[in-house]
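What follows is a short report on a single structure.
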Amino acid sequence: MDERQKLQQLFKFDLWCTRKLADQLIEHDSFKEREACVAFLSHIINTQKIWFSRAVEVSADHDLDFWEEYDVSELKMKAKKAAQMWIDLIGDHDVNLDSIIFYQNSKGAEFQNALWQICNHLVIHGQHHRAQISLLLRRCDIEPPQIDFINYARMDKVQKMLI
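Numbering (the working numbering), first residue to last: 4 to 166.
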């Protein structure tokens with residue numbers, strides 16, 4: 004498996020995790036921390052969209068809000084779209100994963116990072132917030148899904164295609 008395929012697998016893993024948590028929120032439609040859980044999942048999706056616009060030099064990211072919340076019923080579809088943008092970008096052999104992306108953060112400070120670093124950041128960022136969601140679920144006596152990478156890696160190819 005080459006570097007592109009590994010990054011694509013990480014975004015598929017990221018999507019799998021988000022979808023499993025969204026399923027939990029659909030199943031449990033009324034609990035104390037539900038709104039915070041929806042906010043975190045929405046934030047993960049929005050962050051991927053904002054970083055994508057930075058990576059492909061679309062100036063529209065100023066219209067995007069890191070904390071815009073989506074309806075629970077939209078989370079899985081929006082997560083799929085955001086992940087697919089990244090999977091397609093990574094899979095494009097005309098795109099150099101070592102290329103440097105120049106961008107401004109939400110406070111206007113200027114930075115630069117390689118595209119592969121941004122990709123890794125997004126997956127790690129998502130897992131950070133999904134851990135927060137899992138903690139909130141446990142506080143409400145809801146068992147969170149097992150979303151460790153190793154659980155995803157154990158799945159067979161057919162199961163992964165259904166994500």
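Positions of the beta carbon are idealized from the N, C-alpha and C atoms, including for glycine.
| request: State the DSSP-derived secondary structure class of A117, mapped to helix, strand or coil. | output: strand
| message | Tell me whether the stretch 20-27 and the stretch 142-162 touch, counting them as touching only if at least three CB pairs, one residue from each stretch, are closer than 8 Å. | response | yes
| field | Close beta carbons around G94, own chain, < 7 Å, minus the five adjacent residues each side | value | R7, Q11
| said: Let's test the definition: count the other Cβ atoms within 10 Å of the Cβ of F1 and tell me whether it reaches 16, buried, or not, exposed. | reply: An answer regarding residue 1 cannot be provided, because it is not within the stretch 4 to 166 covered by the chain.
| field | Within 8 Å, strictly: CB atoms of V75 and L138 | value | no
| said: For D5 and A134, what's the separation of their Cα atoms in angstroms? | reply: 28 Å
| What does a CB cutoff of less than 8 Å around H46 pick up in its chain, not counting 5 residues either side in sequence? | F69, W70, H132
| query | Counting Cβ pairs, one atom from each stretch, are 3 or more of them under 8 Å apart for the stretch 36-53 and the stretch 78-97? | reply | yes
| For F105, which three-state DSSP category applies? | strand
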